[in-house]
Each structure stands twice: as C-alpha cells, then as structure tokens.
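If you're matching positions, the sequence shown starts at 2 in our numbering and goes up one per residue. By construction, the Cβ of each residue, glycine as well, lies at the ideal position given by its N, Cα and C atoms.
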Amino acid sequence: MPRQLMDNTTTAPEGAAQKRTSAELPHGWAEAQSGLASGAGLSLLLVEGRQPPALTVAHNNSVCQSLQSSPAHAHLCQPDCGEAYKRAAEAGSVVHYRCHAGLHCFAAPVKIGTKTLAVIGGRAFLRVADYRALAERVRSGDLTDLFSPELFANVIFATRQDLEELAALVSEAAEHFTKSGGKKREAAAPARQDVETGASPDGIPGHVRVGSMRGAFGRGFGAYA
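Shown next as structure tokens:
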C-alpha cells in the first residue's frame, strides 16, 4: 500500500489541545471501534477535525496520552495527528504517517451515518530502535520533564501489515455500520492473541502489547451488520 508521509512543519494554534468537538458520536460506534482496537491491539480514535480532541478513543498508546495531555509538549503532535483528519479528507483515502515520537499511524476518512469523519489508528512502534530513540529523548533530551510511570504504561508494537489490515477493517466497518443503521447482531467469537510483558525494550518499565489481527473484525464490527 502506498504510504503518504506527513511533514512536521505545521504550527498548532493556541489552545488546540483544549478545543471541544461539535459533532455527536454516532450511537453504537464507540462499542464497534473499541472491539476493533481490542482485537487488533492498536489505538483507534474517531475525529472530526484536529486531534486532540477526539469523539471517542479506544486503547490509546500511553506515550500519545502523555504527550497530548502535556501543555508543554502537545504542540509537537499537531503536525502529525493534528493534521491527520485534513490530509485524509483531502486524499480521500487512507494516509499513513510516522510521527515525531517514532510511532506509526494511519488516518482513514470515514462516513458514519451522515457525518464525514476520520479514524486515526495504529500509534505503534514498528522498530525497537524508534522506541529507544524516544526513551533517550525522555532520559536526556527534550522530553525529560515528561517522564512518569504512566508514560510507558501501555506501549504498543506492531507490523506495517497490522496497520494496513486495521485501516481496511475500519473502512469496511464504517460502511456496514452506516448501511445497518448501527443495529446489533451477535458478535463472532474473539480469536485475538497478545504478547504482554511487564518490561519494555531498553529496560524501561512498561506494558508492551503486540497484537494479532485475527478476530478483530468479529470483535469490532461483528455486532453491527
């Protein structure tokens, strides 16, 4: 799948992280999104514009949570996730990018009901080297004041294929969700497998998750068709 890389040149407006959303969350979508995120072991966020904020968040990466909730560092994320909705809407298709923290993400334009929105997904390290680079920034670089036990509480690792498969599932789920009006059906049995450990790479305490795509669709959109 062709990848479109986002640049890091956009300056975030003052108070971007505190902006409130105006769209209403489509009834039933939060449950479907949570199932997809859980099945994949990756983050998913539904957005209507700049992020933050988000209409709903599932399985967020603790690194992103810490960065975007920090008044001193939230602006670093604006050129990446902050512009994801706009670039996905302009492209009219899934846009892949690697953020300043070394996390790989995608932004998928979706139409849920009558609303044109976007889903940001992934927020995962594809290489241990990228994780170590971030850890070094926290130890002795520009992110030293960000360190806390919560920063590495839920660090996500994945493969590029994981992201591409989840992006396809999100688009399919949104289409079916709209056609069905969000009506439930009995969900398929989950078949997700994770590898979890209490110590993240490079010796930093954390909760490292490596997810499998098997069963993600069944757990996520499976209840809505």
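Proximity of the stretch 140–154 to the stretch 116–127 falls short of the contact definition, fewer than three beta-carbon pairs being nearer than 8 Å. Per the C-alpha coordinates, the member of TYR86, GLU176, ASN62 and ALA109 positioned closest to ALA154 is ASN62. In this structure, SER71 keeps its C-beta atom at 8 Å or more from the C-beta atom of LEU135. Counting the other CB atoms within 10 Å of its CB gives ALA159 a total of 16 or more, which places it among the buried residues. With fewer than 16 neighbouring CB atoms inside 10 Å of its own CB, HIS28 falls in the exposed class. Per the coordinates, the alpha-carbon of GLU165 lies some 31 Å from the alpha-carbon of SER149.
For PHE178 and GLY103, the gap between their C-alpha atoms comes out near 32 Å. Here SER35 has ALA59 as same chain residues with Cβ atoms under 7 Å from its own Cβ, once five neighbours each way along the sequence are excluded.
Of the candidates ARG133, ILE157 and LEU45, the residue whose Cα lies closest to the Cα of ALA108 is LEU45. Given a length threshold of 4 residues, each whole run of the alpha helix (DSSP H) inside the stretch 79–118 is given here in chain order: 82–92. The beta carbon of LEU167 sits closer than 6 Å to those of ALA41, LEU43 and GLY122, all from its chain and outside the five residues before and after it, given in chain order.
Taking LEU26 as the centre and dropping the five residues before and after it, the same chain places the C-beta of LEU56 and THR57 closer than 6 Å to its C-beta, in chain order.
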